[in-house]
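Following: one structure in structure tokens, then a few remarks.
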Amino acid sequence: MPRNAAGSTPLRRSLRNVKRQSLEEDVKMKRSSTDSPLKEEPRPHPSITDIPLPKSNPPDKAAILQARKLKSFTTHSHSSPFPSFPHPTPKECSLAHGILISVHGERRRPDTIIAPSTVAGCGNSPSVLDALVRTILSQNTSDKNSTRAKLSMDKTYGGSDNWDAIVQGGTEKLQRTIRSGGLSVVKSKVIMNILHQTKAQYGSYSLDHLLNASNDAAMRELLSFQGVGPKTASCVLLFCLRRDSFAVDTHVYRISGLLGWRPASANREETQAHLEARVPDEEKYGLHVLMVTHGKNCAECRAGGKNAGKCALRSAFVKGKKDDDVKSPNEAKLIKEEEL
Numbered sequence: 001m002p003r004n005a006a007g008s009t010p011l012r013r014s015l016r017n018v019k020r021q022s023l024e025e026d027v028k029m030k031r032s033s034t035d036s037p038l039k040e041e042p043r044p045h046p047s048i049t050d051i052p053l054p055k056s057n058p059p060d061k062a063a064i065l066q067a068r069k070l071k072s073f074t075t076h077s078h079s080s081p082f083p084s085f086p087h088p089t090p091k092e093c094s095l096a097h098g099i100l101i102s103v104h105g106e107r108r109r110p111d112t113i114i115a116p117s118t119v120a121g122c123g124n125s126p127s128v129l130d131a132l133v134r135t136i137l138s139q140n141t142s143d144k145n146s147t148r149a150k151l152s153m154d155k156t157y158g159g160s161d162n163w164d165a166i167v168q169g170g171t172e173k174l175q176r177t178i179r180s181g182g183l184s185v186v187k188s189k190v191i192m193n194i195l196h197q198t199k200a201q202y203g204s205y206s207l208d209h210l211l212n213a214s215n216d217a218a219m220r221e222l223l224s225f226q227g228v229g230p231k232t233a234s235c236v237l238l239f240c241l242r243r244d245s246f247a248v249d250t251h252v253y254r255i256s257g258l259l260g261w262r263p264a265s266a267n268r269e270e271t272q273a274h275l276e277a278r279v280p281d282e283e284k285y286g287l288h289v290l291m292v293t294h295g296k297n298c299a300e301c302r303a304g305g306k307n308a309g310k311c312a313l314r315s316a317f318v319k320g321k322k323d324d325d326v327k328s329p330n331e332a333k334l335i336k337e338e339e340l
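Start counting the sequence shown at 1; every next residue gets the next number (UniProt numbering).
Right under this line is the structure:
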């Protein structure tokens, strides 16, 4: 094959020319791509299934408890949760009421309601809002401690019902003020929330419209407040609204168990619904007040008491040996919570 002076053949020169042309074309393509970028093709709209759904917030615990509370009241507002449990009968209620009257004296509803100035009371006020706050102060504590908290509010705010001063002072100040009453962190928040909610809904610090509401409507509205349960609402109905309602506190709960008036496994809310349905209206005020009085003062019927065979009430209903006691699964917890 003929060669040139450089020693290269025609075939080699041809291959070099091809490579050179290819490199030049690559350079041109790169320059053109940088000078005029390619347009992106439009993307299709995502379908509904392509769009990520917003994460749902976990349900609020307070809202769940409130819904459960209202549902329970709606379900058993006019019937017992234990329809086949036969006690107490009207005759048994009358018998117990008569025995308690003979031991502690009769209790009648007063003709007029006067808010006491020396004790907190439990719903004892002509003002519905004041009655509600007083009852909250009495929750899970002794009369002595709730009165301390109430008197401390009087001193700090110029009255326990000086709502403007209480709200302006804030939750922390209220908490410090009612510390002597126990559970001040919880109670201060409950009271403050009630005041804010009442003012926002009605334009003033008043719930006196409930004086003309039906029992069911009053119970529903009171239960709508966070921290207000069936017992607290029932106390407001019984003492402030002057309605026939049967509140179940630790004393009534314990004694109703001793008398066999509820299933042993019933909790306090179930017991209240059961007794509300079975205790005659004309017995509710006096029987409630006397059961509370008896539960505080009877050595055999108060928390941790033993059957010595001397209590007329227990002797009439409890058929057991001396030194025996009747406790539900919840009784030990209630004894720890209760202050006499």
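Note that CB positions come from ideal geometry on N, CA and C, so glycine has one too.
Roughly how many whole angstroms lie between the Cα atoms of residue i and residue j?
| i | j | result |
| --- | --- | --- |
| Asp60 | Phe225 | 15 Å |
| Cys311 | Cys298 | 8 Å |
| Gly227 | Ile191 | 9 Å |
| residue 341 | Leu259 | Nothing can be reported for residue 341, as the shown portion of the chain is limited to 1 through 340. |
| Ile114 | Cys122 | 12 Å |
| Thr177 | Leu129 | 19 Å |
| Asn124 | Leu132 | 9 Å |
| Pro81 | Gly158 | 45 Å |
| Ser180 | Lys150 | 9 Å |
| Ala96 | Asp143 | 25 Å |
| Lys187 | Thr250 | 18 Å |
| Lys231 | Glu269 | 8 Å |
| Ile99 | Trp261 | 16 Å |
| Arg107 | Cys235 | 16 Å |
| Arg302 | Glu221 | 33 Å |
| Glu172 | Asn162 | 17 Å |
| Ala316 | His87 | 14 Å |
By the 10 Å Cβ neighbour count, where 16 or more other Cβ atoms means buried, how is residue i classified, buried or exposed?
| i | result |
| --- | --- |
| His196 | exposed |
| Ile51 | Because Ile51 sits at a pLDDT of 40, beneath the cut-off of 50, its placement in the model cannot be relied upon, and the point is left open. |
| Ser84 | exposed |
| Ile48 | With a pLDDT of 37 at Ile48, under the threshold of 50, the modelled position of that residue is not reliable, and the figure given next carries that caveat. Label assigned to Ile48: exposed. |
| His209 | exposed |
| Asp281 | exposed |
| Leu174 | buried |
| residue 385 | Outside the shown range of the chain (1 to 340) lies residue 385, about which nothing can therefore be said. |
| Leu287 | buried |
| Ile64 | exposed |
| Tyr202 | exposed |
| Leu290 | buried |
Quick one: grab the DSSP three-state call for residue i.
| i | result |
| --- | --- |
| Pro116 | coil |
| His294 | helix |
| Pro83 | coil |
| Lys310 | coil |
| Thr141 | coil |
| Cys235 | helix |
| Val128 | helix |
| Val252 | helix |
| Arg302 | coil |
| Pro46 | Residue confidence for Pro46 is low, a pLDDT of 46 falling below 50, so the modelled location carries little weight; the figure read from the coordinates is stated next. Note: Pro46 maps to coil in three-state DSSP. |
| Val318 | coil |
| Arg108 | coil |
Measure from the alpha carbon of residue i to the alpha carbon of each residue in the options, then state which is nearest.
| i | options | result |
| --- | --- | --- |
| Ile194 | Phe317, Leu223, Gly309, Lys144 | Leu223 |
| Cys240 | Asp111, Ala264, Ser94 | Asp111 |
| Met219 | Leu70, Pro88, Gly181, Gly309 | Leu70 |
| Asn212 | Thr250, Ser127, Asn145 | Ser127 |
| Arg243 | His251, Ala233, Val252 | Ala233 |
| Pro90 | Lys284, Ser265, Arg107 | Lys284 |
| Ser72 | Ser160, Ser265, Asp216 | Asp216 |
| Thr118 | Arg148, Val289, Cys235, Val103 | Arg148 |
| Arg278 | Gln201, Cys301, Ser94 | Ser94 |
Can you confirm whether residue i, when its beta carbon is compared against all beta carbons of chain D, has any partner nearer than 9 Å?
| i | result |
| --- | --- |
| Cys122 | Reference to chain D is not applicable here, since this structure consists of a single protein chain. |
Inset, instruction - Starting from the N-terminal side, write out each stretch of the beta strand (DSSP E) that is 3 residues or longer and does not extend beyond the stretch 164-229. - result: none
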